[in-house]
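Novice: Per our numbering, the sequence shown starts with residue 2, numbered consecutively.
Glycine included, each C-beta is placed from N, C-alpha and C at the ideal position.
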Amino acid sequence: MKKVWLTGLILLSFVLLAGCQEDNLEVPRGTLDVEVVDLLGTQVFFETITYDLTTEESVFDLIDQAIDLDYSVFDIGTMINGIEGFYPTEYGITYNYWYSLYIDDEMSNVGIEDIELSDGLKISFKESTMLDEIDLWVDEVIYAFIEQHASDYINENAASYHVVAALKQLSDRGYDIPELNDQNYDYPGLMDDTIASLFKSSVIAQAFGLQTSTLETAIVSMIPANHYESVSFMNAYHLLGMEVTSTMIDELTQSTPAYMDADYAGMVLNALSPYGSNMEVESFVNEMLVYIGDQLTSSGIESWGNPNASSTAAVVLGLIAQGINPRGTEYTLDNTDLIEALKLYEVDRTFKYLLADENADLAFSTPQVFSALVAYKLYRDVWGNPAVNLFIPYQ
């Protein structure tokens with residue numbers, strides 16, 4: 002019996018010893034926190050990665066194994082494009098936004114592959130931008146307007162040519178907005194009874210990919226009766242891909258309306274934008290720029306006695322079509338440039354006509370300002386700031 006007990010005690014000691022050895026062999030674990038933070042400071046993704054403290058793998062390798070990373074490798078290092086399906090605003094379209102790398106809430110001064118691994122480390126990918134407050138506002142207003150109001154301006158009864166042209170330019174450049182098609186929007190039928198209606202129909206046809214042969218046939222028999230019709234006439238020719246004649250250019254450069262205003266100055270700058278190499282056009286454009294400068298106030302462009310959003314928007318469209326920055330010093334008064342001036346008229350992503358107005362001017366000022374902000378954004382977003390004319394199809 003004693004031998005049996007002795008044998009049992011020996012076996013039990015082996016089991017206990019083996020258990021102790023297993024405890025001693027347990028691998029020490031560390032943690033690595035990873036988060037993604039959007040531009041507003043909201044944490045949109047978080048995960049804690051556990052790893053073997055004896056690992057020789059890098060921080061980048063551990064994250065790449067545990068989390069879905071989209072990255073590009075360059076000679077200077079690895080650029081993180083997206084994390085778990087989250088990407089910076091306008092990724093693949095502009096370089097306005099990107100992810101900055103932070104280590105324990107401090108901006109990193111080394112690339113992700115050079116971070117020294119330590120237990121409890123926190124890695125943050127924070128959406129960042131170099132855009133100033135006004136430029137951020139421009140983007141916010143544009144995207145909010147498209148989501149909340151665009152469908153109000155394109156329907157089977159009527160369509161705002163300002164809104165349609167702006168959306169078409171954004172779409173053609175790859176911005177992430179609803180496509181201009183009959184699944185997303187109803188649009189009115191094409192009309193060609195007047196130059197004004199033919200111009201608007203040309204905007205719609207070009208935007209929605211409709212046949213334009215009837216418009217092309219109708220326009221060749223039309224004769225503009227005034228300066229404003231001459232502007233619409235030339236814009237329609239641009240949209241339809243028809244050749245503008247020297248006579249058409251002369252009609253715009255050799256005189257101005259009897260009742261000249263800043264709105265017309267902006268409109269004619271827009272229409273003449275492809276012809277800057279013409280000396281007469283160049284001289285006329287300079288005259289219009291002087292005129293516009295004389296109408297500049299700290300609340301935007303004055304027309305018919307008051308600064309207003311509509312006239313300011315018309316001038317912004319004209320300046321950008323000429324490749325001129327509406328935020329430049331020439332168009333800044335009392336530290337307010339023309340884009341900042343437009344912000345003064347905002348009413349919940351729509352715009353009023355006069356500063357003294359309480360309600361938004363939904364019929365005129367709102368679609369005009371929206372198109373002006375889109376033109377400015379397209380001008381701003383491209384390196385070198387090329388001229389942008391909303392009424393010339395993007396190539």
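(1) To the nearest angstrom, report how far apart aspartate 53 and serine 101 are at their CA atoms.
(2) Which residue marks the beginning of the alpha helix (DSSP H) containing aspartate 136, and which one marks its end?
(3) Tell me which residue opens and which closes the beta strand (DSSP E) that aspartate 34 is part of.
(4) Leaving out the 5 sequence neighbours to the left and right, which residues in its chain are closer than 7 Å to tyrosine 395 when beta-carbon positions are compared?
(5) Tell me whether aspartate 71, by its Cβ, gets closer than 7 Å to a heavy atom of the ligand FAD.
(6) Beta-carbon separation of phenylalanine 46 and valine 60 under 8 Å?
(7) Since leucine 199 contacts alanine 237 with CB under 8 Å, what's their CB separation in whole angstroms?
(8) Looking only at C-alpha atoms, which of Glu107, Gly31 and Asp76 sits nearest to leucine 63?
(9) Going by C-alpha to C-alpha distance, which of Ala160, Ser125 and Pro308 sits closest to glycine 112?
(10) Could you have a look at phenylalanine 392 and say whether DSSP puts it in helix, strand or coil?
(11) Leaving out five residues before and five after asparagine 326 in sequence, what residues of the same chain have Cβ atoms less than 7 Å from its Cβ?
(12) Considering only DSSP beta bridges, list what aspartate 295 is partnered with.
(13) Give the single residue among Leu297, Leu241 and Met289 whose Cα lies nearest to the Cα of alanine 206.
(14) Using a 10 Å radius around the Cβ and a threshold of 16 neighbouring Cβ atoms, would you call proline 258 buried or exposed?
(15) Give me whichever residues DSSP pairs with aspartate 338 in a beta bridge.
(16) For isoleucine 302, collect the residues of the same chain with a Cβ closer than 6 Å to its Cβ; drop the 5 residues on either side in sequence, then sort them by chain order.
(17) Since asparagine 97 contacts threonine 130 with CB under 8 Å, what's their CB separation in whole angstroms?
(18) Less than 8 Å between the C-beta atoms of serine 398 and asparagine 390, yes or no?
(19) Near isoleucine 393, what residues of its chain come up, given a Cβ to Cβ distance below 8 Å and the 5 sequence neighbours on each side ignored?
(20) Could you pull out every residue in the same chain whose Cβ sits closer than 7 Å to the Cβ of aspartate 39, ignoring the five residues on either side in sequence?
(21) What residues in its chain sit with their C-beta under 8 Å from that of glycine 329, if we drop five residues either side in the sequence?
(22) Report yes or no: do three or more beta-carbon pairs, one from the stretch 342–349 and one from the stretch 360–374, lie closer than 8 Å?
(23) Per DSSP, asparagine 326 forms a beta bridge with which residues?
(24) Assuming contact is defined by CB atoms lying nearer than 8 Å, are leucine 343 and leucine 270 in contact in what I supplied?
(25) Spatial neighbours of proline 89 within its chain, please: C-beta separation below 7 Å, excluding the five flanking residues on both sides.
(26) Of all the alpha helix (DSSP H) runs that stay within the bounds of the stretch 216–286, which reach a length of 4 or more residues?
(27) Based on the DSSP secondary-structure assignment, which residues constitute the bridge partners of proline 308?
(28) What are the boundary residues of the beta strand (DSSP E) that aspartate 53 is part of?
(29) Could you tell me which of Val221, Gly324, Ile143 and Val286 sits nearest to proline 368, measuring between CA atoms?
(30) Should tyrosine 260 be labelled buried (16 or more other beta-carbon atoms within 10 Å of its own) or exposed?
(31) Could you check where the beta strand (DSSP E) with threonine 130 kicks off and where it finishes?
(32) Given that a residue counts as buried once 16 or more other Cβ atoms are within 10 Å of its Cβ, and exposed if not, what is leucine 41?
(33) To test your reading of the DSSP string, which unbroken beta strand (DSSP E) runs of 3 or more residues are found completely within the stretch 46–96?
(34) Would you list the residues sitting across from tryptophan 99 in a DSSP beta bridge?
(35) Just to check my reading of the structure: methionine 235 and leucine 253 have Cβ atoms closer than 8 Å, yes? What is that Cβ distance to the nearest angstrom?
(36) Where DSSP assigns a beta bridge to alanine 160, which residues make up the other side?
Specialist: Concretely, from the data shown:
(1) Residue 53 sits at position 52 when you count from the first residue of the sequence shown. Residue 101 sits at position 100 when you count from the first residue of the sequence shown. Aspartate 53 and serine 101: Cα-Cα distance of roughly 27 Å.
(2) Position 135 of the sequence shown holds residue 136. From DSSP, the alpha helix (DSSP H) with aspartate 136 extends over 134–149.
(3) As a working mapping, residue 34 is identified with position 33 in the sequence shown. Segment 30–38, the beta strand (DSSP E) holding aspartate 34.
(4) For the purposes of this step, residue 395 is taken as residue 394 along the sequence shown, with counting starting at 1. Result list for tyrosine 395: Gln170, Asp173 and Arg174, in chain order.
(5) This structure lacks the ligand FAD, and indeed carries no ligand of any kind.
(6) Residue 46 sits at position 45 when you count from the first residue of the sequence shown. Residue 60 sits at position 59 when you count from the first residue of the sequence shown. The answer is no: Cβ separation not under 8 Å.
(7) By one-based count along the sequence shown, residue 199 stands at place 198. By one-based count along the sequence shown, residue 237 stands at place 236. Yes, they are in contact, since the Cβ atoms of leucine 199 and alanine 237 sit about 6 Å apart, within 8 Å.
(8) Position 62 of the sequence shown, counted from the first residue, corresponds to residue 63. Taking only the C-alpha atoms, the option nearest leucine 63 is Gly31.
(9) Translated into positions along the sequence shown, residue 112 becomes position 111. Ranking the options by Cα distance to glycine 112, first place goes to Ser125.
(10) Mapped onto the sequence shown, residue 392 falls at position 391. Correct three-state label for phenylalanine 392: coil.
(11) Counted from its first residue, the sequence shown places residue 326 at position 325. Excluding sequence neighbours, asparagine 326 sits near Asn386.
(12) Position 294 of the sequence shown, counted from the start, is the residue given in the question as residue 295. Partner(s): none; aspartate 295 has no beta bridge.
(13) By one-based count along the sequence shown, residue 206 stands at place 205. Comparing Cα positions, the closest option is Leu241.
(14) Numbered from 1 along the sequence shown, position 257 holds the residue referred to as residue 258. Result: exposed.
(15) Locating residue 338 in the sequence shown gives position 337, where the first residue counts as 1. For aspartate 338, which the question treats as bridged, DSSP gives the partners Thr333.
(16) Residue numbering aside, residue 302 sits at position 301 when the sequence shown is read from its first letter. The residues are Ala263, Gln296, Ser312, Thr313 and Val316.
(17) On the sequence shown, residue 97 is found 96 positions in, with the first residue counted as 1. On the sequence shown, residue 130 is found 129 positions in, with the first residue counted as 1. Rounded, the Cβ-Cβ distance is 6 Å, consistent with contact.
(18) Because the chain in this structure spans residues 2 to 396, residue 398 falls outside the shown range and cannot be described.
(19) Within the sequence shown, residue 393 is the residue found at index 392, counting from 1. If we look at isoleucine 393 and ignore the five residues flanking it on each side, its Cβ neighbours are His239, Leu240, Ser274 and Pro275.
(20) Here residue 39 refers to the residue found at position 38 when the sequence shown is read from its first residue. Once the five neighbours on either side are set aside, the close Cβ partners of aspartate 39 are Val45 and Glu128.
(21) As a working note, residue 329 is residue 328 in the sequence shown. Only Asp338 meet the Cβ criterion.
(22) yes
(23) Your numbering for residue 326 matches position 325 in the sequence shown. Its beta-bridge partners do not exist; DSSP assigns none.
(24) For the purposes of this step, residue 343 is identified with residue 342 of the sequence shown, where counting begins at 1. For the purposes of this step, residue 270 is identified with residue 269 of the sequence shown, where counting begins at 1. No, these two residues do not count as a Cβ contact at 8 Å.
(25) The residue you call residue 89 lines up with position 88 of the sequence shown. Tyr98, Trp99, Tyr100 and Glu128.
(26) 228–241, 247–254 and 263–272
(27) Along the sequence shown, one-based indexing puts residue 308 at 307. Glu303, per the DSSP bridge assignment.
(28) Looking up residue 53 in the sequence shown gives position 52. Here the beta strand (DSSP E) through aspartate 53 covers 44–53.
(29) Position 367 of the sequence shown, counted from the first residue, corresponds to residue 368. Answer by Cα proximity: Ile143.
(30) In the sequence shown, residue 260 corresponds to position 259, counting from 1. Result: exposed.
(31) Reading the sequence shown from its first residue, position 129 is the one you call residue 130. First-last of the beta strand (DSSP E) with threonine 130: 122–130.
(32) Position 40 of the sequence shown, counted from the first residue, corresponds to residue 41. Leucine 41 should be labelled exposed.
(33) 70–75 and 78–84
(34) Along the sequence shown, one-based indexing puts residue 99 at 98. DSSP lists Ser129 as partners of tryptophan 99.
(35) Numbered from 1 along the sequence shown, position 234 holds the residue referred to as residue 235. Numbered from 1 along the sequence shown, position 252 holds the residue referred to as residue 253. Going by Cβ atoms, the distance from methionine 235 to leucine 253 rounds to 7 Å, so yes, they are a contact pair.
(36) Numbered from its first residue, the sequence shown carries residue 160 at position 159. DSSP lists Ile155 as partners of alanine 160.
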